[in-house]
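Everything on this sheet refers to the single structure shown next.
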Ligand code: DAK
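Numbering (my numbering), first residue to last: 5 to 261.
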């Protein structure tokens, strides 16, 4: 199986599993990734997704041996197929964490950027090497990278095709944490657990408001936030948590999804 899917309590772990090709993305990986994302989306028990790679890479890019003979039409079809899956992951109400365990190059960096949170093991490497292969980034790199790290740094990375290490990725805001490699999955689970223990309607509404707000002017973004805020007041979780606070009692946990 080119993509593995495991459930651990409230967390779905999706592992890109083509280690012999450093998890390079081909149609099979995309189809299985899509199935895994949809399985997590449809499963009420799952609150958070973790994406990682088998072996020494997260994902070393789109599969170059597949792409090398593409016609322009085939290239467009491939990019559109992947973009639809990455966008689905990005806009899924449930949050996703990329646990970047090694090379995240080209399509791999782009897959990590479609996740909500990126954490890296110390040996992780990030980059958009496409212009060195005669192409542009094709799975959202020209769009998501500047939104995450600013236009100047994104252009430096994309136009030089150079890759950076985990510490540099942390410095420019591409990842939010760097941890020793052996602590990567533990840290990802710890973060996922913290998210899963919170009120899920509020978590999902917050994610949606942030994502929408990043695409629009401040006034429109603030109106999305007000809408998200008001939705939370339709939940028992909001009533229970606030009543517990006022009563100085301890809340047993949240229930709304
Ligand atoms: N595709 C296919 N195979 C790959 C691969 C890739 N991206 N990356 C690695 N592999 C394969 C290698 O060919 C090798 O296979 P065998 O020779 O053993 O059969 C195996 O994985 C192990 O790789 P290496 O022997 O090279 O391992 P090293 O540790 O020596 O080097 C490396 C690791 C990551 C530095 C090196 O493998 C490397 O440079 N890989 C390519 C990285 C890269 O350039 N990635 C970006 C790919 S381009 C678009 C759609 C999509 C995209 C763009 C446009 N449109 C349709 C518009 C996206 C493009 C990309 O992602």
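We put the CB at the ideal spot given by N, CA and C, even for glycine. None of the values given here were measured: they were computed from a predicted structure.
query: Name the DSSP beta bridge partners of residue 56, please?
result: Counting from 1 along the chain shown, the entry for residue 56 is found at position 52. Residue pairing by DSSP places residue 56 opposite 19 in a beta bridge.
- prompt: Can you give the beta carbon distance from residue 121 to residue 99, rounded, assuming they're within the 8 Å contact cut?
  reply: In the chain shown, counting from the first residue as 1, residue 121 sits at position 117. In the chain shown, counting from the first residue as 1, residue 99 sits at position 95. Contact check for residue 121 and residue 99: beta-carbon distance about 7 Å, within the 8 Å limit, so the pair qualifies.
Residue from 212, 206, 30 and 187 with nearest C-alpha to residue 74: Translated into positions along the chain shown, residue 74 becomes position 70. Out of 212, 206, 30 and 187, 30 has the C-alpha closest to the C-alpha of residue 74.
query: Under 8 Å between the Cβ atoms of residue 117 and residue 149?
result: In the chain shown, the residue the question calls residue 117 occupies position 113. In the chain shown, the residue the question calls residue 149 occupies position 145. Yes, the pair counts as a contact, with Cβ atoms nearer than the cut-off.
- request: Tell me, please, which residues DSSP counts as bridged to residue 292.
  value: Nothing in the structure corresponds to residue 292, since the chain is present only between 5 and 261.
task: Give a single yes or no on whether residue 67 has its beta carbon closer than 7 Å to a heavy atom of the ligand DAK.
output: Stepping through the chain shown from its first residue, residue 67 is reached at position 63. In terms of side-chain proximity, the C-beta atom of residue 67 is found nearer than 7 Å to a non-hydrogen atom of the ligand DAK.
- request: Verify the contact flag: residue 62, CB atom, against every heavy atom of the ligand MG, threshold strictly below 7 Å.
  value: Annotation note on the ligand MG: not contained in the displayed structure, which lists the ligand DAK as its ligands.
message: If I measure Cβ to Cβ from residue 163 and keep anything under 7 Å in the same chain, skipping five residues before and after, which residues do I get?
response: Taking the chain shown and counting its residues from 1, the one referred to as residue 163 is at position 159. Only 135 meet the Cβ criterion.
task: Could you tell me which residues DSSP pairs with residue 168 in its beta bridges?
output: Within the chain shown, numbered from 1, the residue matching residue 168 stands at position 164. Beta-bridge partners assigned by DSSP to residue 168: 130.
message: Taking the alpha-carbon of residue 97 as reference, which of 215, 234, 110 and 62 has the nearest alpha-carbon?
response: Counting from one through the chain shown, the residue named residue 97 turns up at place 93. For residue 97, the closest alpha carbon among the candidates 215, 234, 110 and 62 is that of 215.
field: Cβ pair count under 8 Å reaching 3, the region 226 to 237 against the region 198 to 208
entry: Taking a cut-off of 8 Å for Cβ pairs, the region 226 to 237 and the region 198 to 208 touch, as three or more such pairs fall below it.
query: Opposite residue 11 in the DSSP bridges: which residues?
result: The residue labelled residue 11 in the question sits at position 7 within the chain shown. DSSP lists 16 as partners of residue 11.
message: How far does the beta strand (DSSP E) with residue 61 in it extend, from its first residue to its last?
response: As a working note, residue 61 is residue 57 in the chain shown. Looking at the DSSP string, the run of the beta strand (DSSP E) that includes residue 61 is 61 to 63.
task: State yes or no: is the C-beta of residue 63 within less than 8 Å of the C-beta of residue 101?
output: Against the chain shown, residue 63 aligns to sequence position 59. Against the chain shown, residue 101 aligns to sequence position 97. In this structure, the beta-carbon distance from residue 63 to residue 101 does not fall below 8 Å.
message: My output table needs one value for residue 179: the three-state DSSP class, helix, strand or coil.
response: Position 175 of the chain shown holds residue 179. Here residue 179 sits in coil by DSSP.
task: Please go through the same chain and pick out, in chain order, the residues whose beta-carbon is closer than 8 Å to the beta-carbon of residue 240, but skip the five residues on each side of it.
output: For the purposes of this step, residue 240 is taken as the residue at position 236 of the chain shown. Same-chain partners within the cutoff: 259 and 260.
query: So what's residue 51 in DSSP terms, helix, strand or just coil?
result: Here residue 51 refers to the residue found at position 47 when the chain shown is read from its first residue. Residue 51: coil per DSSP, three-state reduction.
query: Exposed or buried, residue 222, counting other C-beta atoms within 10 Å across all chains shown (16 or more means buried)?
result: Locating residue 222 in the chain shown gives position 218, counting from the first residue. Residue environment: residue 222 is assigned as exposed (fewer than 16 neighbouring CB atoms within 10 Å of its CB, all protein chains considered).
- request: Counting only the same chain and skipping the five closest in sequence on each side, list residues whose C-beta sits under 6 Å from that of residue 225.
  value: Here residue 225 refers to the residue found at position 221 of the chain shown. Spatial neighbours of residue 225 in its own chain (CB-CB distance under 6 Å, excluding positions within 5 residues in sequence) are listed in chain order as 217.
query: Alpha carbon to alpha carbon, what distance is there between residue 132 and residue 270?
result: This structure leaves residue 270 out entirely; the chain is present only between 5 and 261.
For residue 218, the three-state DSSP class (helix, strand or coil): Looking up residue 218 in the chain shown gives position 214. Three-state result, residue 218: coil.
- prompt: According to DSSP, what are the bridge partners of residue 107?
  reply: In the chain shown, the residue the question calls residue 107 occupies position 103. According to DSSP, which records beta bridges pairwise, residue 107 is partnered with 61 and 129.
message: I'd like to confirm the pairing. Which residues does DSSP put opposite residue 29 in its beta bridges?
response: As a first step, residue 29 must be located in the chain shown, where it is residue number 25. 66, per the DSSP bridge assignment.
- prompt: Which class does residue 5 belong to by DSSP, given the choice of helix, strand or coil?
  reply: In the chain shown, the residue the question calls residue 5 occupies position 1. Residue 5 falls in the coil class under three-state DSSP.
- prompt: What number of angstroms, rounded off, separates the C-alpha of residue 68 from the C-alpha of residue 113?
  reply: Sequence index remark: in the chain shown, residue 68 carries index 64 (1-based). Sequence index remark: in the chain shown, residue 113 carries index 109 (1-based). Here the alpha carbons of residue 113 and residue 68 stand approximately 15 Å from one another.
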